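Trainee:
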Amino acid sequence: MISKIDIGNPKSVTDWKEFEISKLFTIKSPASRTIKAYSEGDIPYVSSGSFNNGIISYLEPKEGETLEKGGCITVSPLDGSSFYQEEDFLGRGGAGSAISLLYNENLNRYNALFICTIIKISAERFGYSDALTSDNLKTLKIKLPPKYNDDGTTYLDEIKQYSDDGYEPDWLGMEKYMILLEGKANESLDRFQSVKVSKEEPIDTSGWKDFPITDFFELSLPKGDLQVKKVEDGEVPLITPSNYNNGLLQKIADTSESTLYKSNSLTVDMFGNAYYQEEDFFVTAHGHVNVLIPKFDMNKYIGWFMASSIKKMFFYKYDFSDMCTQKVLNKEVMLLPIKENGKPNWEYM
Numbered sequence: 006m007i008s009k010i011d012i013g014n015p016k017s018v019t020d021w022k023e024f025e026i027s028k029l030f031t032i033k034s035p036a037s038r039t040i041k042a043y044s045e046g047d048i049p050y051v052s053s054g055s056f057n058n059g060i061i062s063y064l065e066p067k068e069g070e071t072l073e074k075g076g077c078i079t080v081s082p083l084d085g086s087s088f089y090q091e092e093d094f095l096g097r098g099g100a101g102s103a104i105s106l107l108y109n110e111n112l113n114r115y116n117a118l119f120i121c122t123i124i125k126i127s128a129e130r131f132g133y134s135d136a137l138t139s140d141n142l143k144t145l146k147i148k149l150p151p152k153y154n155d156d157g158t159t160y161l162d163e164i165k166q167y168s169d170d171g172y173e174p175d176w177l178g179m180e181k182y183m184i185l186l187e188g189k190a191n192e193s194l195d196r197f198q199s200v201k202v203s204k205e206e207p208i209d210t211s212g213w214k215d216f217p218i219t220d221f222f223e224l225s226l227p228k229g230d231l232q233v234k235k236v237e238d239g240e241v242p243l244i245t246p247s248n249y250n251n252g253l254l255q256k257i258a259d260t261s262e263s264t265l266y267k268s269n270s271l272t273v274d275m276f277g278n279a280y281y282q283e284e285d286f287f288v289t290a291h292g293h294v295n296v297l298i299p300k301f302d303m304n305k306y307i308g309w310f311m312a313s314s315i316k317k318m319f320f321y322k323y324d325f326s327d328m329c330t331q332k333v334l335n336k337e338v339m340l341l342p343i344k345e346n347g348k349p350n351w352e353y354m
């Protein structure tokens with residue numbers, strides 16, 4: 006947990022102030038669009054993705070079509086994934102998983118990246134049954150470092166443009182902090198690139214074989230409607246659609262009203278992200294995380310291998326418009342190494 010941060014004057018995170026999104030930003034919605042109505046092109050198509058800046062394709066705009074203006078933050082309604090869009094783009098609008106667009110004249114690449122992280126963290130209380138729609142986003146409150154006067158006192162704006170208390174976000178301080186982080190990251194990258202590593206031959210998968218996933222796993226979805234806002238903190242992992250941190254959203258009490266799955270299983274979410282679960286766990290509801298219970302004697306090494314194989318094959322195959330559902334998984338295959346008899350080579354894995 007960060008306890009201090011260099012935003013203007015060094016201040017504790019506990020001194021940050023609360024700002025309502027609707028006061029910080031002008032909130033807009035993109036035009037109603039579906040990717041199938043377009044041909045490939047050069048303009049980014051931003052949807053409710055949780056990676057690659059929300060860009061799922063590059064399309065050719067229709068004749069006379071107005072693009073969404075860059076210089077804004079895009080927010081996914083399903084998990085709060087937020088990204089800064091520097092250039093003009095085509096946005097996913099309409100019903101369902103339409104993104105929201107946040108505009109403020111003070112936004113730039115650096116302070117926007119800072120705010121995107123805060124929105125993502127603040128949005129974790131929203132689940133798939135209570136999505137972060139534009140209406141919910143308007144009332145969402147996030148904590149940011151406030152602007153300080155030269156004498157160290159908090160700057161207060163009589164107009165009260167950004168908060169009821171008159172606080173103004175420290176736009177410049179957030180920018181400086183992210184520039185500092187970028188510099189440190191670049192230094193680490195330079196050091197990493199300077200390290201000489203031995204070149205290994207790439208793995209030859211030409212002799213591997215496709216196997217139906219259902220040959221090895223029983224597919225399961227949880228019972229009950231586990232609502233993230235109502236659960237108590239505890240020690241049991243709650244797995245949600247995500248492309249990082251093993252899908253872990255938070256840890257909750259083992260008394261939560263849903264299916265408690267045993268360890269040594271795989272999870273595959275709606276985007277095709279696959280993970281091996283080493284502890285007993287819960288998953289978020291509404292079919293967005295599939296649980297794969299092994300029918301064979303699987304250990305963590307084989308589990309890691311199979312999860313990597315699934316994620317590698319599914320990573321660019323599934324998104325919000327074409328989800329990896331249980332029905333889909335029943336027909337999917339995974340690529341595995343085999344022995345001479347055509348059976349999976351468990352020892353190799």
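Under the working numbering, the first residue of the sequence shown carries the number 6, and numbering increases by one thereafter.
Quick reminder that beta carbons are idealized off the backbone N, C-alpha and C, glycines included.
Keep in mind that this is a model prediction, so the values were computed, not measured.
1. Could you tell me the boundaries of the alpha helix (DSSP H) in which Ser27 lies?
2. Considering only their Cβ atoms, is the gap separating Ile184 from Tyr280 smaller than 7 angstroms?
3. Counting Cβ pairs, one atom from each stretch, are 3 or more of them under 8 angstroms apart for the segment 286-295 and the segment 251-266?
4. Using beta-carbon positions only, say whether Tyr153 and Lys28 come within less than 7 angstroms of one another.
5. Considering only the beta carbon of each residue, do Ala36 and Gly75 sit closer than 7 angstroms?
6. Which residue comes first and which comes last in the alpha helix (DSSP H) that contains Asp170?
7. Is it right to say Gly229 is buried, meaning 16 or more other beta carbons lie within 10 angstroms of its own, or is it exposed?
8. If contacts are defined as beta-carbon pairs under 8 angstroms, then Ser34 and Ser105 qualify, I think. What distance do you get, rounded to the angstrom?
9. From Ser86 to Met311, what distance separates their C-alpha atoms?
10. Using the rule of at least 16 other Cβ atoms within 10 Å of the residue's Cβ for burial, across every protein chain shown, is Thr245 buried or exposed?
11. Within a Cβ cutoff of 7 angstroms, which residues of the same chain sit near Thr159, ignoring the five residues on either side of it in sequence?
12. For Phe222, which residues of its own chain have a beta-carbon under 8 angstroms away from its beta-carbon, when the five flanking residues on both sides are left out?
13. Please confirm if the segment 36-53 is in contact with the segment 173-183, defined as three or more CB-CB distances below 8 angstroms between the two stretches.
14. For Ile147 versus Phe24, is the C-beta spacing smaller than 7 angstroms?
15. Is the CB-CB distance between Asn278 and Gln331 below 7 angstroms?
16. Is it true that the CB of Phe216 sits closer than 7 angstroms to the CB of Tyr108?
17. Leu226 and Asn335 look like a contact to me (Cβ under 8 angstroms); what is the Cβ gap, rounded to whole Å?
18. Anyone know if the C-beta pair for Leu341 and Pro349 falls short of 7 angstroms?
Mentor: On the basis of the coordinates in this document:
1. 26-29
2. no
3. yes
4. no
5. no
6. No alpha helix (DSSP H) contains Asp170, which DSSP labels as neither H nor E.
7. exposed
8. 6 angstroms
9. 27 angstroms
10. buried
11. Pro151, Tyr153, Tyr172
12. Leu271, Leu297, Ile298, Pro299, Lys300
13. no
14. yes
15. no
16. no
17. Contact flag wrong, Cβ pair sits at about 12 angstroms.
18. yes
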